[in-house]
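Going down the list, the sequences are from chains G, E and H.
Once you know that position 188 of the first sequence is 190 in my numbering, the rest is easy, because the numbers rise by one and skip nothing.
Once you know that position 11 of the second sequence is 1179 in my numbering, the rest is easy, because the numbers rise by one and skip nothing.
Once you know that position 55 of the third sequence is 99 in my numbering, the rest is easy, because the numbers rise by one and skip nothing.
A quick write-up on the structure given underneath.
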Amino acid sequence: MATNVRTRDGGSATSRPASRRSHGEGPFRFLATGAGVVLLAIMAAIAVFLVSEAIPALQANKSSFLTELTWEPNSSREFGIAALAFGTVVSSLLALAIATPVAVGVALFISHYAPRRLAAPLGYLVDLLAAVPSVVYGLWGVTFLVPLLRGPSQWLNANLGWFPLFSGEGIVGGKTMLAGSVVLAIMILPIIAAISREVFLQAPKMNEEAALALGATRWEMIRIAVLPFGRPGVISAAMLGLGRAMGETIAVALIFPATFDITFQILTPHANSIAANIANAFGEANDIGRGALIASGLVLFIITLLVNMAARMIINRRKEYGRTGA
Amino acid sequence: MSKQIQVSSLDAYYGSHKAIEDVSMTIEPRSVTAFIGPSGCGKSTFLRTLNRMHEVIPGARVEGKVLLDGEDLYATTIEPVSVRRMIGMVFQRPNPFPTMSIYENVAAGLRLNRGRIPKSEMDGIVEDSLKGANLWNEVKDRLNKPGAGLSGGQQQRLCIARAIAVRPEVLLMDEPCSALDPISTLAIEDLMAKLKDQYTIVIVTHNMQQAARVSDRTAFFNLAEQGKPGKVVEMDETSRMFTNPTEKATEDYITGRFG
Amino acid sequence: MTTIQHISTSRRIKDRVVQGLVYLAFALAVVPLVSVLWLVISNGLARFDMEFLTHSMNGIGARDANGGAYHAIIGTLEQVLLASLISVPIGLLTAIYLVEYGNGGRLSRSISFFVDVMTGVPSVVAGLFVFAFWILFLGFQFSGWAGALALAILMMPTVVRSAEEMLRLVPTDLREASYALGVPKWRTIVKVVLPTAFTGIVTGVMLAVARVAGETAPLLMTVFFTNSINNDPFNGPQMGLPLFVFDQAARPNDTAVDRAWTGALTLILIVMLLNLVARLIAWWRSPARGR
Chain G
3 MATNVRTRDG GSATSRPASR RSHGEGPFRF LATGAGVVLL AIMAAIAVFL VSEAIPALQA
63 NKSSFLTELT WEPNSSREFG IAALAFGTVV SSLLALAIAT PVAVGVALFI SHYAPRRLAA
123 PLGYLVDLLA AVPSVVYGLW GVTFLVPLLR GPSQWLNANL GWFPLFSGEG IVGGKTMLAG
183 SVVLAIMILP IIAAISREVF LQAPKMNEEA ALALGATRWE MIRIAVLPFG RPGVISAAML
243 GLGRAMGETI AVALIFPATF DITFQILTPH ANSIAANIAN AFGEANDIGR GALIASGLVL
303 FIITLLVNMA ARMIINRRKE YGRTGA
Chain E
1169 MSKQIQVSSL DAYYGSHKAI EDVSMTIEPR SVTAFIGPSG CGKSTFLRTL NRMHEVIPGA
1229 RVEGKVLLDG EDLYATTIEP VSVRRMIGMV FQRPNPFPTM SIYENVAAGL RLNRGRIPKS
1289 EMDGIVEDSL KGANLWNEVK DRLNKPGAGL SGGQQQRLCI ARAIAVRPEV LLMDEPCSAL
1349 DPISTLAIED LMAKLKDQYT IVIVTHNMQQ AARVSDRTAF FNLAEQGKPG KVVEMDETSR
1409 MFTNPTEKAT EDYITGRFG
Chain H
45 MTTIQHISTS RRIKDRVVQG LVYLAFALAV VPLVSVLWLV ISNGLARFDM EFLTHSMNGI
105 GARDANGGAY HAIIGTLEQV LLASLISVPI GLLTAIYLVE YGNGGRLSRS ISFFVDVMTG
165 VPSVVAGLFV FAFWILFLGF QFSGWAGALA LAILMMPTVV RSAEEMLRLV PTDLREASYA
225 LGVPKWRTIV KVVLPTAFTG IVTGVMLAVA RVAGETAPLL MTVFFTNSIN NDPFNGPQMG
285 LPLFVFDQAA RPNDTAVDRA WTGALTLILI VMLLNLVARL IAWWRSPARG R
């Protein structure tokens, strides 16, 4: 342990105390750096092994992976990501559309409306939403929310059926994309609200006072001095939420009816997603089937990676802007 | 424009802490009134009670009366928002809205108070306000650039332009030069001399030379001891205050014996 | 004569409407929480008995009302413990690297960036990766350990971030005082910095544990599934409490759904307990305490 002299000398520039008994420094520094590198290696390994284990199944595919709708890797060896990727993106965007306005409202409530004494405990209450496990939301969704949404879904379909999202004949309501998206929205709400709350709280007090001193109402003050400042933070929070929604598995696996078609009819029982399909199909999959699921997981990994990296870049840029502005 | 303010037995609190006690004074229109005194004596707090900005701080409240030409600002029928529309404020540190251009900063208050205003009329008001703040010549070619790109002194004059654009009755200034260099300070002081033809101006300052230079009347704030509420020790014509103060404490402060 | 004009009705209404919407948004966020907790408690209490906590599902028929989640509880505890044993050292050392040795260089910046990105890796992808690597590529069987590997990947970024935050809170003065005594940097970190940040790090770890304890998806393809008790996390398929809930919820019988609710109640109790303990530790250490 005490023999790694080379790294110690290499690191002596940054390790200020040059002590004669610092023979643990090299190994310790090596361990700490190594741990960080392990983390990078894991990220790389995820990509490498998903690709390598997906290749045999992709080669056995008798259809086009990117355009095929059906998922029959076990028997006829025809499978494609099209319907699943569509369901993933649409259900997540729908969840985002539901969650973002509510989350921004919640964030404003905690940062600018709630009595100061209550703000922290109430914020904690919203954070608790994130502590409920996904499978519990799934259970709640199938047993409570799905029946609850049946009536409103049928009403929307009957009265506003001309609107493409609400259209559809036959069975209306039940295990629909809307039900899944509402559950997803509840699950991503805490993260969007938490990040938005932080950026709203960071809005410069002196600008808020300037707005009030001009005779702004509370809402006008927020519109002038808080929202413009917080916008990049809210955008990246929403994107992080989008990434979460796309990768969310068990709740939608219980709710989505596992159909393989592309339709915008969110009130009919047609819905699926990459993650839900992995959870539902893994148990009964053979070798090709599992390879196919790994391939779909790779697609999910890439999509969420892109969304998350974009979100992080927006946040990091804002941090720098904030630092130079301060 | 320009109105008189009458304050009678005003107390201001932060939660249970009493910051100022029993302040009564009359602030005359078309003049500059300066508040001086050591740090923590409540002069800024008092200034903020004059346009109901004090109560923005959670737990802060006020007891007593502030009359603007005879009308009580703290009457139950009066909203703080409309008070602030009448009584503008300039802060210690320049605080233009960072996401807005110079033009938008000046227009911000008007947009709130009067809704949609024709472009030509708005252009006129923005120009007048910037001229009124002695800033027009410096920024007329870059009105659409962000206000944050200006120097500190220019930003402070931008904030004054923003405040006078809504045509307030009174202009409150909370140590407006404390973050500025001497040249910018001089520009603001010149501006005050010009603005007092139209506005009632109240300024809080740490700088006694400044008070002597710009103000017509001066009020000296002090507290009996640390933790006790601040009070007005003496208020008089500035010239008399600085040459022949009635109170010993005022003299000690002005001659630099404490504070 | 009135000097002070009132603000226009439209501005007043707009302000009130927005205020109403903001309050409504908060109510909308709390309603599902209350609804979920209420249903979990009211439905879960029916089967929350000794048999549930001490028996497995071994030999329980499709329509039988008895059976329990003992095997799943044991599995979850073992998997989460193993996941912590893997992720805490790596996460803590990474945080030490970022705070004490990174100096904002390229390596530390890319590690920092990918730690953030790693928080966004879907849990099902972490499970698939462990399946592809540990089970397909290296040829091991499904086991509690494989599940722990997947959970560890999900825990790591949370551990790194919270530990990093706590280490940065340790005042530089403290480090320099130690250097001045001639103590080498690594011993300063181990003997001075880490003990100072200790409770904060524990809080972060417990929150990370609470987060992964409820994960179901990565268990599906690593721990797989069993109805009987398997105390050995290194050998053969295990069960996990979230997996138990998922399995029972997907079965068509009411008796199974009852078990699912009780499983959900047990899971929430465990997760909330971890959360509560973590917050209590954080509160106990907070400088603002007693304010």
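No residue lacks a Cβ here, since even glycine has one placed at the ideal position from N, Cα and C.
> Looking at the unbroken alpha helix (DSSP H) that takes in H/Y114, where does it start and where does it end?
Replying inline: Unbroken alpha helix (DSSP H) run through H/Y114: Y114 to I140.
Between H/T47 and chain E, is the shortest Cβ-Cβ distance under 7 Å, so that the two count as touching? Yes, because at least one Cβ of chain E sits closer than 7 Å to the Cβ of H/T47.
Q. To which residues of the same chain is G/G243 closer than 7 Å at the C-beta, ignoring the five residues directly before and after it?
A. Within the same chain, G/G243 has close Cβ partners L98, A101, I190, I193 and I194.
What residue range is occupied by the uninterrupted alpha helix (DSSP H) comprising E/D1296? Boundaries of the alpha helix (DSSP H) harbouring E/D1296: K1287 to G1300, taken from the DSSP string.
Could you check the C-alpha separation between H/K58 and H/Q282 for me, to the nearest Å?
For H/K58 and H/Q282, the gap between their C-alpha atoms comes out near 58 Å.
Review point. For H/W82, which three-state DSSP category applies?
Key: Residue state, collapsed to three classes: helix.
key: Beta-carbon separation (whole angstroms), G/F67 vs G/L60, contact threshold 8 Å   = Indeed they touch by this definition, with Cβ atoms about 6 Å apart.
key: Closest Cα partner of E/L1359 within the set E/R1330, E/N1375 and E/R1325   = Ranking E/R1330, E/N1375 and E/R1325 by Cα distance to E/L1359 puts E/R1325 first.
* Does the beta carbon of E/L1215 come closer than 7 Å to any beta carbon on chain G? -> Taking Cβ atoms only, chain G never reaches closer than 7 Å to E/L1215, which makes this a no.
**Span of the beta strand (DSSP E), counted from its first residue to its last, around E/F1203** = V1200 to I1204 is the span of the beta strand (DSSP E), which, as asked, contains E/F1203.
Out of curiosity, what's the CA-to-CA distance linking E/E1419 and E/L1215?
C-alpha separation (whole angstroms): 23 Å.
### Straight-line Cα distance separating H/V143 from H/P215
Each residue's Cα considered, the two are about 12 Å apart.
*Find the nearest neighbour of G/R33 within the set H/V234, H/L195, H/E122 and H/P262, judged by alpha-carbon distance.*
The sequence as given places Leu at residue 33 of chain G; Arg does not occur at that position. Per the Cα distances, H/V234.
For H/V61, three-class secondary structure by DSSP: H/V61 carries a helical assignment under DSSP once its states are collapsed to helix, strand and coil.
Residues of its chain near G/G182, where Cβ-Cβ distance is below 6 Å and the 5 sequence neighbours each way are ignored:
Setting aside the 5 residues that flank it on each side, G/G182 is surrounded in the same chain by S93, V254, I257, F258 and A273, each with a C-beta closer than 6 Å to its C-beta; the list follows chain order.
Among G/A116, G/I226, G/A312 and G/G245, whose alpha-carbon lies nearest the alpha-carbon of H/A71? The residue among G/A116, G/I226, G/A312 and G/G245 with its C-alpha nearest the C-alpha of H/A71 is G/A116.
Practice problem: Could you please give the first and the last residue of the uninterrupted beta strand (DSSP E) stretch that includes E/S1177? | Solution: First-last of the beta strand (DSSP E) with E/S1177: I1173 to Y1182.
- Beta-carbon neighbours of E/T1267, restricted to chain G and to distances below 8 Å: The answer, in chain order, is P230 and F231.
Quiz item: Is there contact here, the segment 1169 to 1179 of chain E with the segment 1218 to 1237 of chain E, by at least three beta-carbon pairs under 8 Å?
Solution: Contact between the segment 1169 to 1179 of chain E and the segment 1218 to 1237 of chain E is present: three or more C-beta pairs spanning the two stretches fall below 8 Å.
| said: Taking the straight line between their C-alpha atoms, what separation do you get for H/G149 and G/L127? | reply: Answer to the nearest angstrom: the Cα atoms are 39 Å apart.
> For G/W73, which residues in chain H fall below 7 Å Cβ to Cβ?
Replying inline: What G/W73 touches in chain H: nothing, since even the nearest Cβ is about 16 Å away.
Whose C-alpha, out of E/V1258, E/P1344 and E/V1307, is nearest the C-alpha of E/E1269?
-> The residue asked about is misnamed: residue 1269 of chain E is Ser in this sequence, not Glu. Minimum Cα-Cα distance from E/S1269 among the listed residues E/V1258, E/P1344 and E/V1307 corresponds to E/V1307.
*If we count the other Cβ atoms within 10 Å of its Cβ and call it buried at 16 or more, is H/G258 buried or exposed?*
That one is buried.
Report task. Please determine if the segment 102 to 121 of chain G and the segment 47 to 58 of chain H are in contact, where contact requires at least 3 C-beta pairs separated by less than 8 Å. Result -> The segment 102 to 121 of chain G, when compared against the segment 47 to 58 of chain H, does not touch it at the 8 Å Cβ threshold.
ask   = How big is the Cα-Cα spacing for G/S238 and E/D1240?
value = Looking at the two C-alpha atoms, the distance is approximately 47 Å.
Amino acids of chain H, ordered along the chain, whose beta-carbon sits closer than 7 Å to that of E/E1357
From the beta-carbon of E/E1357, no residue of chain H is found nearer than 7 Å; the closest lies around 29 Å away.
Going by beta-carbon coordinates alone, are E/V1258 and E/V1382 separated by less than 7 Å? The answer is no: Cβ separation not under 7 Å.
message: Can you tell me whether G/N161 is buried or exposed? The criterion is at least 16 other CB atoms within 10 Å of its CB, across all chains shown.
response: Here G/N161 is exposed: its Cβ has fewer than 16 other Cβ atoms, across all protein chains shown, within 10 Å.
**Asked** In the structure shown, what three-state DSSP assignment does G/S183 receive?
**Response** Per DSSP, reduced to three states, the secondary structure at G/S183 is helical.
Check: Where H/L121 and H/N275 are concerned, what is the direct C-alpha to C-alpha distance, given to the nearest angstrom?
Finding: Straight-line Cα distance between these residues: approximately 10 Å.
Exercise. Spell out whether any CB of chain E is found under 7 Å from the CB atom of G/A215.
Key: Yes, because at least one Cβ of chain E sits closer than 7 Å to the Cβ of G/A215.
- Label G/G366 either buried or exposed according to how many other C-beta atoms from any shown protein chain fall within 10 Å of its C-beta, with 16 as the threshold for buried. Chain G is shown only over 3 to 328; residue 366 of chain G falls outside these bounds and no answer can be derived.
- prompt: Is there at least one Cβ from chain G nearer than 7 Å to H/R55's Cβ?
  reply: Closer than 7 Å to some Cβ of chain G, the Cβ of H/R55 qualifies, so yes.
Residue-level contact to chain E via CB, H/H50, 7 Å cutoff
At a cut-off of 7 Å, the C-beta of H/H50 has a neighbouring C-beta in chain E.
Whole beta strand (DSSP E) elements within the segment 175 to 204 of chain H, 3-residue minimum
Correct list: empty.
Is there at least one Cβ from chain G nearer than 7 Å to E/R1252's Cβ? True, the Cβ-Cβ gap to chain G drops below 7 Å.
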